[in-house]
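Peer 1: Residue numbers for the sequence shown follow the working numbering, beginning at 104 and rising by one. Each residue gets a CB set at the ideal place from its N, CA and C atoms; glycine is no exception. All of these numbers come straight from a predicted model, not from anything done at the bench.
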Amino acid sequence: MASTQRLEEMARREKELADIWRWRAGRRRSVSPLALGKMLLEHRVVFDVTQRDLAEKLGISVTSIHHYESLPERLVPELQDAVEKGRLNLKKARALADIEDPDRQREAARLLLDGRLTSVYIEAFVALVRKHPELSTEEILDQIQVVVRAHPELSAEAARRQIQRKVSELRRKQVFWEMFSTTALQFSKGVAALLLEDVSERRRSDLIAVLKALDARVQAALEHLGASPN
Numbered sequence: 104m105a106s107t108q109r110l111e112e113m114a115r116r117e118k119e120l121a122d123i124w125r126w127r128a129g130r131r132r133s134v135s136p137l138a139l140g141k142m143l144l145e146h147r148v149v150f151d152v153t154q155r156d157l158a159e160k161l162g163i164s165v166t167s168i169h170h171y172e173s174l175p176e177r178l179v180p181e182l183q184d185a186v187e188k189g190r191l192n193l194k195k196a197r198a199l200a201d202i203e204d205p206d207r208q209r210e211a212a213r214l215l216l217d218g219r220l221t222s223v224y225i226e227a228f229v230a231l232v233r234k235h236p237e238l239s240t241e242e243i244l245d246q247i248q249v250v251v252r253a254h255p256e257l258s259a260e261a262a263r264r265q266i267q268r269k270v271s272e273l274r275r276k277q278v279f280w281e282m283f284s285t286t287a288l289q290f291s292k293g294v295a296a297l298l299l300e301d302v303s304e305r306r307r308s309d310l311i312a313v314l315k316a317l318d319a320r321v322q323a324a325l326e327h328l329g330a331s332p333n
């Protein structure tokens, strides 16, 4: 009997979810995206149902269920509140939920709510935040704005590809400067150690030639950077 009641309750809840889904599809927003995500999660937990099984019963995609469930599962509490109050729509909220770091999730949300980042580029922005955790949200946003200002004629998809190239180039340069700084520091330590060594006559001439060549390049680099001469 208990098993029969469980199946009946399961069927009742699935009908309720299906009705809610149809209402939302018809733009009759009786339940918020966050509340629906909670209902889907609760149903799957109570009745031990996979996303795929529930998707088949409701006649929707697994991806759709994942998007709704990600809101209560992964959005920080204040952003869940923003969804409930209508400040964040489903597209923006589910994109933000893909950012695992809570602080970066909040930073991205502020950019959206302040109007500095539009919904057109939110998915590209989130993908880049996840791919390049070493870059700040401001650095990624700067690259998006550079592309949008320079190429307003581009379609959203073409702009996203251009943005990805710009961010990859930015990261390549950062890696280069990090390697350069590390190498320069190591060389500086080597030169300091050289001052403490007894150097043979044969080795001395080789070192002098290397240091003179390096000095010429260092001076050229300083001039290129606009440093004042010694």
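Distance, Cα to Cα, Val-270 vs Thr-221?
Peer 2: Counting from one through the sequence shown, the residue named residue 270 turns up at place 167. Counting from one through the sequence shown, the residue named residue 221 turns up at place 118. Whole-angstrom Cα-Cα distance: 18 Å.
Peer 1: Between Leu-215 and the rest of its own chain, which residues show a CB-CB distance below 6 Å, the 5 nearest in sequence each way excluded?
Peer 2: Looking up residue 215 in the sequence shown gives position 112. Counting only Cβ-Cβ distances below 6 Å, and skipping sequence neighbours, we find Lys-195.
Peer 1: At a cut of 8 Å, does the stretch 146-165 reach the stretch 177-195 through at least three beta carbon pairs?
Peer 2: Contact between the stretch 146-165 and the stretch 177-195 is absent, because fewer than three Cβ pairs lie under 8 Å.
Peer 1: Helix, strand or coil: how does DSSP classify Thr-286 here?
Peer 2: Indexing the sequence shown from 1 puts residue 286 at position 183. Three-state result, Thr-286: helix.
Peer 1: Along the chain, where does the alpha helix (DSSP H) containing Gly-140 start, and where does it finish?
Peer 2: Against the sequence shown, residue 140 aligns to sequence position 37. That run of the alpha helix (DSSP H) goes 136-150.
Peer 1: Would you say Ser-303 lies against chain C (beta-carbon separation less than 7 Å)?
Peer 2: Included in the structure is just one protein chain, with no chain C present.
Peer 1: Taking its Cβ as the centre, do 16 or more other Cβ atoms sit within 10 Å of Pro-236, making it buried, or is it exposed?
Peer 2: As a position in the sequence shown, residue 236 is number 133, starting the count at 1. Label assigned to Pro-236: exposed.
Peer 1: In whole angstroms, give me the CA-to-CA distance for Ala-185 and Arg-213.
Peer 2: Residue 185 sits at position 82 when you count from the first residue of the sequence shown. Residue 213 sits at position 110 when you count from the first residue of the sequence shown. One C-alpha to the other measures close to 11 Å.
Peer 1: Check each candidate in Glu-300, Ala-198, Glu-256, Glu-242 and name the one with the smallest Cα separation from Lys-276.
Peer 2: One-based indexing of the sequence shown puts residue 276 at position 173. Among Glu-300, Ala-198, Glu-256, Glu-242, the Cα nearest to that of Lys-276 belongs to Glu-242.
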